[in-house]
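In what follows, a structure is listed as structure tokens, so that the remarks can point back to it.
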Amino acid sequence: MTHKGLKPLALLVLIAPVFAACVPTVRVEVAPISIYAKLDHDVRISLDEDAKALVQQNPNLF
């Protein structure tokens, strides 16, 4: 390589870390959400009603 060929290469080597340090970072953070739900109560009522209906339809089931 000649002296003229080394200048652009040296300039590239010196400028490359500057561009590497300027990488934008996007960070998305979501706060935790507390959800309190009682689903078992509704399920038990639905199963109770279904069981009563089955027993009424088939009294000799049990």
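For the sequence shown, the residue numbers in mature numbering (1 follows the signal peptide of the UniProt record, and there is no 0) are -20 to -1, 1 to 42. The C-beta atom is built at its ideal place from N, Cα and C for all residues, glycine as well. It should be emphasised that the depicted structure is a prediction, and the values quoted were computed from it without experimental measurement.
By the three-class DSSP mapping on this structure, what secondary structure does residue i have?
i: residue 35; result: helix
i: residue 29; result: helix
i: residue -3; result: helix
i: residue -13; result: helix
i: residue 8; result: coil
To the nearest angstrom, how far is the alpha carbon of residue i from that of residue j?
i: residue 6; j: residue -2; result: 17 Å
i: residue 13; j: residue 34; result: 40 Å
i: residue 10; j: residue 40; result: 56 Å
i: residue -14; j: residue -6; result: 12 Å
i: residue -12; j: residue 4; result: 26 Å
i: residue 37; j: residue 30; result: 11 Å
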